[in-house]
Structures are given as C-alpha cells and as structure tokens.
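Notes to accompany the following structure.
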Amino acid sequence: MLTTAAAERSDIGNFLLTRIAGFTGFLHANGYGVSAADSVDIVDTAAQTGILNQPVLRWNLKSLLCKRYEEWQRFDALFDAFFLPPNKSVFEQSDAAADSEEVTGGGDDDGAHESPAMIDDAVVDETDAAGHGASRGENLSSTDFSELNQADQARKVEALMRRLARRLKHLKLRREVRSTRGRRLDLQSTIRQSVASGGTPLRLAWKTHRRVRPRLVLLLDVSRSMNAYSFFYLRLARALCNELKDVHCFIFHTRITSVGEALRDPDPWRAQERLNVLAVGWAGGTRIGECLQAFNREQGSRLVHSRTGVIIVSDGYDTGDTAQLADALGTLRRRARRMVWLNPLLNRPDYTPVASGMRAAMPYLDLLAPGADLAAIERVLPQLIESLQ
Amino acid sequence: MTLADDRIADIAGLQGQLESAGYVAEASLAATLLLTLDLGRPLLVEGDAGVGKTEIAKAFATVRSARLIRLQCYEGLDVHAAMYEWNYQRQLLAIKLLEQDDRPLADKEKDIFSETYLLKRPLLEAISCDEPPVLLIDEVDRADEAFEAYLLELLSDFQISIPELGTVKAITRPLVIITSNGTRELSDALRRRCLYQFIDYPDFAKELAIVKIKAPQAADEFARQVVAFVQQVRRMELQKKPGIAETLDWTAALLRMGITVIDDDGADRIIDTLSALIKTREDRTEFTPDVVARIAATC
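Taken in order, these protein sequences are the chains called P and U.
Going by our numbering, the first residue of the first sequence is number 134, and it counts up by one from there.
Going by our numbering, the first residue of the second sequence is number 1487, and it counts up by one from there.
This is the structure we're talking about:
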C-alpha cells in the first residue's frame, strides 16, 4: 500500500508519506492504541485526499487515530509537536527524552485545569531530577515505583481483591432477560421455542431480572501525609482493576489524575514508567475539595451514575477550603449510589476525626472505615461489600 | 496540490449541504464524514447529551437523500429486537393450515421458514436496502457487551446469519453512525473499528449560526444576546449544562413570552422562562434574580 501510493508522489511527497507513517509510532509512544492497520489506512487516505494541506491532514488523522475522548483532547498538541517546525530544544534531545517529555504533557492534560505555573513546576522538577541523578530517590517528582512490583505482598493483595470482586453482588436491574429458570414465564420465547416441536410447548422459557456489578470509582489521596499508604492502595487498585472490568482509578494531591490506563498496563515495568510520569506532585500538599470538584466537573457526568460506588481513600488532612470539600462531596454523593471513605488513621486507638476535611465529609458517607494495612481491610471487607451493594 | 484543493472544495460543499439540511458542522466534522464515505468505516460520535450527535445522522441522510434507519439501544436490547425475529404467531397458524396439505415435509418446513415469516428489525433492514441507507445506532453504551459483540460481527462482514434461512449478505453497505453518551466504557474492539469524532458544546459563532437557522423568527441582535447568555450559563458550574436543544427551546419560550431583548431590567421575566434552559432543582436555585440580571447585563 505504502509503496504504490508513494510511487506516484514526488520526492517531497514520498518524504511526507514516510513521515506520516512515522506519526503512528509517535502516538503509540504516547499511549495511543494505534495499530499497524491504522498506518496503512493513513497512507491510503493521505494518497487519496492530499497531504499538503495541513488542516485536512489534521482532521483526517484525528478522526482516524483517536479512539476516545482523552486521546481526542491531546491530539492537537501532539500533532503540532510532530509536524510543525521545531521551535524548541525538543529535537536536540535524544528520542527517549523527547518521548518522556511528551508523555508528561499528556499526563498534564489528563489532570486538566491546572495553572501554567504548575506545568512549569513540573518541568523544573524533571530537569532537577536529571541534574542530580544520585539523589533521584529523594526527589519528590520521581518517587520510586518499583515497590509496586514486589511479589511478596502482591499475592495476598490479589487474593483479597478477588474475594472482594467475587462477593460484590450483582445489582438487580429492572430489565428482564431470558433465563433457563426463574419465576416469571417468558411467553413470547416459550411459543417461539414451541415452533420447533410443532406448536407443543415442551420447553418453557423464563424471565429473570438482569444483574450487573456496580461500577467502582477509586479516588486515592497520594499527598505527603498519606505517603506510607499510597503504594499499598495503588497495589490494591491494580489488583482490583485486574479482577473487575468497570473500575476507574484516580490519584489526587493538589490536582487529580486518572491512572486507570497505567495500572492496567500488562507490562509491570512500563506501568511503573507511566505512573512515574503521572505522579508529578506525588507526596505534595492536599487540596481534596478542589480535586473532587475538578473530578465532578470533568468526569462526574461521564463516570458516576446511579450504579456507581465511590471509594475515597484519604486521611482527611486538607489544606483547601472545607466548604468546597463539603460541596463537592454533596454533588458526588447525589450522583453516586454509595460513597465509602477509607481512612488509614482510623484504627489508631487515639484517633478522633478532628481533621477538618474528615469532619466536613462525615454527613455524606455511607461508610467510614479504617484501612491502614491488609489485615485492616480484611476486617472491614464484609462491611465494605455490604455498603457497596 | 490539486488533490488537496479538491478535498477542501468537497469539504466546503458538504458543509454547505449540511447547513441547508439544518445542521451547522465544522470543517473538521465534514472532513470526517467524507472520510467515512471513502473508507467505508463506521463513525463513532461521542459528546455530552444535547450537543447534536443524533442530528448528524439525520442531516447526513438528508444530504445524501438516503433512508435513515435508526436503532435506539437500551438496556436488555437483544438480537430479536435489533436484527430479526420470526413471526411465530403466523408460523403457528401456517403449521395448522399446512396440516391438510399433502406436500412433502421438507417443502412445508421451507415454507414456514421463508422470508414471508421473517420480521426485519433495523440491522437486517439496513443491510437489505437497495440504496445504501444511513444506519444510526443511537446510544450504543446503553446496550450490553454481548450486543456489542454482535454489532462488531455485523460491522466487519456486513452479513447476518439466520440459522433457519442461511446467511443474508448486504446488498449495499450502509453508512453507519454510532453515538455514545459514555454511561459505559465501550470495548476497544469497537473503537478500533470506527472513526472517532468528539463533539463539544458549540462556541459562540456556531451556536449563533444554529439559532439563526432553527429559529429564523428571532431578530439578529436578540439571537446574539440569547446565545451570549447561554454561553455564560455553560461556564457556570451546573449539574446539567444546557445543550443546543435547550437553547432553541429557550429562544422559543422567550419569543412566546414576548421578550425580544435581554437586559437586566427584564430579569424577573427571564427567570420565568428559565425552566426551558435549566433542568435540575439544584441548578435552578443558582439563578437568583441578581445572578440573572448580572448575566443579562453582560449580553
């Protein structure tokens, strides 16, 4: 395909076609699910519709290569970065460095509305990390995610999450489906089946209510005060993502970022890389209210519906506005089916919910449970499952 | 060079045609629609409720003067409602009637499972049209995963196999437009097969153009004010942002109430019409006379 299309073009056309074909690789490196078939389509399309017109090329590639909203949002920036003349040092860097910077850009987009200053901070952090390679472990922006891949605890976590997934009962829906047994006779289907036996209803068909598992949305606090627990919860989240299909995971500190895609990555090391990129600002301050509000604004209507269980993991230490937090929680609670808050500090004997964030949250919660470690989660599992039903 | 120029002319042409069919489309959307024609792939359209996803299919069908076949997905949608079903009452009747007939059994059976007794549902209908229709699969996220798998099979081969009758191959390939509201994550397999278009809330110029087409009775200045007001409302933090349909409803409501200018003096009368624009109680409480007057003053 490539050769026939290219043969008809002049040298410059040839060059452009090769470049366009290379664009899929670039997108793939940025986490797009593009395939080899797509590059064939692109070259085909380009040959048909002309490639020298920038907007047309952009529109065509956009609808061809984007498969979901997040990709759609990031596309224009990536397109510019790849096709427009380089005005920055991006092309002087090695490929790997350029790639990782692009991915950072993507992550920022996912986190949505942050101030330009924030993006600058992130870039500064990165260069710092590169400058002081030796002190990398101490740098806040490059938290060591290798802990995520340790095998010893992983198996136990997986077993626990499997139990949670299995016991998370299916919700009953109003719609009925056919089934081999049930309480209501499916007359239509029974007559349909009786055609095979000459009009005598030998086999009866039944109707029963359809059941689905609730959707789960996990919001994990990864601010500095939660430092000791963040990895543990990420591991839980990853195990849960592997067990259940409809799980959506976000981390927040001063802003909120989706990590579902990164956690689902089958290659643990690549998952680690992607988390590294997403975790700019990891272990920083907390603005829970602001983050939840951002979540409501950007994901709320898309993600949270009347069959959604929201699980928030946080210690409730909030540097933001408490009224804002209460407001955001109220909105979220109205949309969701259930809301559960896991607080790792809760099973300390001297603990009382004095943190302003925790107090503001109390009226909206269906369950407030402790969860500092695996044993604690195991103890509250029955309540957790109960309250998510 | 000329290739690209041709394409741009095509895009502008399609934009014009869509506009005369009552749909204001950006050049990028027109380009994508042309691409779906070229590649013969389905188009997946996503976006918030009320941004005009379904309207694309309707307008596109009008432009191509093709039939529009619509399959509204819902929870519990199954093959019988989407593809085909045997008209079993008639079949039973036929069995009784054929009892007196002394033709061989195989013939009778063939008779009973013939197309006469087949009820065509939208998907079968779409692939057995003589002229390629526009097939709109609306809100595919409401159907379940199992149905998505059926759909994939149809979209890749454009054929439906009916056990009693054999395989029905498409006479013409329908233009498939799929819409989704995102209540459920669609499978990667479906996404991979489709072209993708995300439709956002319209910007000022686009919405103004829509209002002018759909509500020609509104004066130019008034239409501009209405759109400016709605654009402001969308920037507020609301549970349910008003879509284009709401804008048009509201315009009609205002005209009906005899309001032909939006200013802060008429805030009280504007509030009476807001039920056409704001659809939840919480959002409604945000619109105190002060707020409305403030927004109206900027229009």
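We put the CB at the ideal spot given by N, CA and C, even for glycine.
> Name the chain U residues whose beta carbon is nearer than 7 Å to that of P/Asp174?
Replying inline: If you number the first sequence from 1, residue 174 of chain P lands on position 41. Simply Leu1525.
> Just checking my contact of U/Ile1685 with U/Gly1533 at CB under 8 Å: how many whole Å lie between their CB atoms?
Replying inline: By 1-based counting over the second sequence, the position of residue 1685 of chain U is 199. By 1-based counting over the second sequence, the position of residue 1533 of chain U is 47. With a contact defined as Cβ atoms closer than 8 Å, U/Ile1685 and U/Gly1533 qualify at about 4 Å.
> Apart from the five residues just before and just after P/Leu425, which ones in its own chain have a Cβ nearer than 6 Å to its Cβ?
Replying inline: For this step, residue 425 of chain P is matched to residue 292 along the first sequence. A distance below 6 Å between beta-carbons, with the five flanking residues on each side excluded, links P/Leu425 to the following residues of its chain, in chain order: Ala461.
>> If contacts are defined as beta-carbon pairs under 8 Å, then U/Asp1624 and U/Thr1540 qualify, I think. What distance do you get, rounded to the angstrom?
In response: Residue mapping note: residue 1624 of chain U aligns to position 138 of the second sequence, counting from 1. Residue mapping note: residue 1540 of chain U aligns to position 54 of the second sequence, counting from 1. With a beta-carbon spacing of about 6 Å, U/Asp1624 and U/Thr1540 fall inside the 8 Å limit used to define contacts.
>> I want to verify the contact list: residues of chain P whose CB lies under 8 Å from the CB of U/Arg1678, in sequence order.
In response: By 1-based counting over the second sequence, the position of residue 1678 of chain U is 192. One finds Gly166, Ser168, Lys200 in chain P with Cβ atoms closer than 8 Å to the Cβ of U/Arg1678, taken in chain order.
>> Is it buried or exposed, U/Leu1500, if we count other Cβ atoms within 10 angstroms and call 16 or more buried?
In response: Mapped onto the second sequence, residue 1500 of chain U falls at position 14. With 16 or more neighbouring CB atoms inside 10 Å of its own CB, U/Leu1500 falls in the buried class.
>> Against chain P, with Cβ distances strictly below 8 Å, would U/Glu1532 count as a contact?
In response: In the second sequence, counting from the first residue as 1, residue 1532 of chain U sits at position 46. A Cβ of chain P is located within less than 8 Å of the beta carbon of U/Glu1532.
>> So, with DSSP's three-state summary, where would you put P/Leu462?
In response: For the purposes of this step, residue 462 of chain P is taken as the residue at position 329 of the first sequence. P/Leu462 falls in the helix class under three-state DSSP.
>> Any beta carbon from chain A within less than 8 Å of P/Gly331's own beta carbon?
In response: Included in the structure are the protein chains P and U, with no chain A among them.
> Start and end of the alpha helix (DSSP H) containing P/Tyr497?
Replying inline: Numbered from its first residue, the first sequence carries residue 497 of chain P at position 364. Segment: none, P/Tyr497 is in no alpha helix (DSSP H) and carries neither H nor E.
> Touch check for the region 1767 to 1785 of chain U and the region 1737 to 1750 of chain U: three-plus C-beta pairs under 8 Å?
Replying inline: Flag = yes, the region 1767 to 1785 of chain U and the region 1737 to 1750 of chain U touch.
>> Quick check: the region 1674 to 1683 of chain U against the region 1699 to 1710 of chain U, are at least 3 beta-carbon pairs closer than 8 Å?
In response: The region 1699 to 1710 of chain U vs the region 1674 to 1683 of chain U: no contact.
> Alpha carbon to alpha carbon, how far is U/Glu1601 from U/Met1569?
Replying inline: The count along the second sequence starts at 1 and reaches residue 1601 of chain U at position 115. The count along the second sequence starts at 1 and reaches residue 1569 of chain U at position 83. U/Met1569 has its alpha-carbon roughly 14 Å from the corresponding atom of U/Glu1601.
>> List, in chain order, every chain U residue whose beta-carbon is nearer than 9 Å to that of P/Ile324.
In response: Taking the first sequence and counting its residues from 1, one reaches residue 324 of chain P at position 191. Simply Tyr1574, Gln1575, Leu1578.
> When you compare only the Cα positions, how much space is there between U/Val1620 and U/Asp1643?
Replying inline: Here residue 1620 of chain U is taken as the residue at index 134 of the second sequence, counted from 1. Here residue 1643 of chain U is taken as the residue at index 157 of the second sequence, counted from 1. About 17 Å.
> Which stretch, first to last residue, makes up the alpha helix (DSSP H) that contains P/Leu396?
Replying inline: Within the first sequence, the letter at position 263 stands for residue 396 of chain P. Its alpha helix (DSSP H) spans residues 393 to 397.
> Under the three-state reduction of DSSP, which class applies to P/Thr390: helix, strand or coil?
Replying inline: Residue mapping note: residue 390 of chain P aligns to position 257 of the first sequence, counting from 1. Three-state result, P/Thr390: strand.
>> Using the three-state DSSP reduction, which class does P/Ser520 fall into: helix, strand or coil?
In response: Within the first sequence, numbered from 1, the residue matching residue 520 of chain P stands at position 387. Helix at P/Ser520.
> Would the beta-carbon of U/Leu1529 fall within 8 Å of that of U/Leu1681?
Replying inline: For this step, residue 1529 of chain U is matched to residue 43 along the second sequence. For this step, residue 1681 of chain U is matched to residue 195 along the second sequence. Yes, these two residues count as a Cβ contact at 8 Å.
> Between the beta-carbon of U/Ile1781 and the beta-carbon of U/Phe1715, is there less than 8 Å?
Replying inline: Here residue 1781 of chain U refers to the residue found at position 295 when the second sequence is read from its first residue. Here residue 1715 of chain U refers to the residue found at position 229 when the second sequence is read from its first residue. Inclusion of U/Ile1781 and U/Phe1715 in the CB contact set at 8 Å is warranted, their separation being smaller than that value.
> Terminal residues of the continuous alpha helix (DSSP H) containing U/Asp1597?
Replying inline: The count along the second sequence starts at 1 and reaches residue 1597 of chain U at position 111. Its alpha helix (DSSP H) spans residues 1591 to 1598.
> Would you say U/Gly1499 faces chain P, with C-beta separation under 8 Å as the test?
Replying inline: Numbered from its first residue, the second sequence carries residue 1499 of chain U at position 13. No, because no Cβ of chain P sits closer than 8 Å to the Cβ of U/Gly1499.
> Run through DSSP, which three-state label would U/Glu1768 get?
Replying inline: Taking the second sequence and counting its residues from 1, one reaches residue 1768 of chain U at position 282. In the structure shown, U/Glu1768 sits in a helix (DSSP, three-state: H, G or I).
> Where do the N-terminal and C-terminal ends of the alpha helix (DSSP H) with P/Val424 fall, by residue?
Replying inline: Here residue 424 of chain P is taken as the residue at index 291 of the first sequence, counted from 1. The sequence shown places Cys at residue 424 of chain P, rather than the Val named in the question. Per DSSP, P/Cys424 belongs to the alpha helix (DSSP H) from 421 to 428.
>> Suppose only complete runs of 3+ residues qualify. What are the beta strand (DSSP E) ranges in the region 1656 to 1697 of chain U, listed by chain order?
In response: Qualifying beta strand (DSSP E) stretches, in chain order: 1661 to 1666, 1681 to 1685.
> Counting only beta-carbon atoms, is U/Ile1494 nearer than 8 Å to chain P?
Replying inline: As a position in the second sequence, residue 1494 of chain U is number 8, starting the count at 1. It does: the Cβ of U/Ile1494 has a partner Cβ on chain P nearer than 8 Å.
>> Here's the rule: buried if 16 or more other CB atoms are within 10 angstroms of the residue's CB, otherwise exposed. What is P/Gln516?
In response: What you label residue 516 of chain P is simply residue 383 of the first sequence in a count that begins at 1. Under the 10 Å beta carbon count, P/Gln516 is surrounded by fewer than 16 other beta carbons and is classified as exposed.
>> According to DSSP, is P/Arg269 part of a helix, a strand, or is it coil?
In response: Reading the first sequence from its first residue, position 136 is the one you call residue 269 of chain P. Any reading at P/Arg269 must be qualified, since the residue scores a pLDDT of 31, below 50, and its modelled position is unreliable; the value itself is stated next. DSSP places P/Arg269 in helix when its eight states are reduced to three.
> Around the Cβ of U/Phe1690, are there at least 16 other Cβ atoms within 10 angstroms (buried) or fewer (exposed)?
Replying inline: Against the second sequence, residue 1690 of chain U aligns to sequence position 204. Classification for U/Phe1690: exposed.
> Count the other CB atoms within 10 Å of the CB of P/Asp354; is the residue buried (16 or more) or exposed (fewer)?
Replying inline: Position 221 of the first sequence, counted from the first residue, corresponds to residue 354 of chain P. Its Cβ being crowded by 16 or more others within 10 Å, P/Asp354 is buried.
> Excluding the five sequence neighbours on either side, which residues of its own chain have a C-beta within less than 7 Å of the C-beta of P/Ala505, listed in chain order?
Replying inline: By 1-based counting over the first sequence, the position of residue 505 of chain P is 372. The beta carbon of P/Ala505 sits closer than 7 Å to the beta carbons of Tyr362, Pro477, Asn480 from its chain, once the five residues preceding and following it are set aside; these are given in chain order.
> Does the beta carbon of U/Gly1729 sit closer than 8 Å to a beta carbon anywhere in chain P?
Replying inline: Here residue 1729 of chain U corresponds to residue number 243 of the second sequence, with the count starting at 1. Taking Cβ atoms only, chain P never reaches closer than 8 Å to U/Gly1729, which makes this a no.
>> Does P/Ser312 come out as helix, strand or coil in the three-state DSSP assignment?
In response: Within the first sequence, the letter at position 179 stands for residue 312 of chain P. In this structure, P/Ser312 counts as strand in the three-state DSSP scheme.
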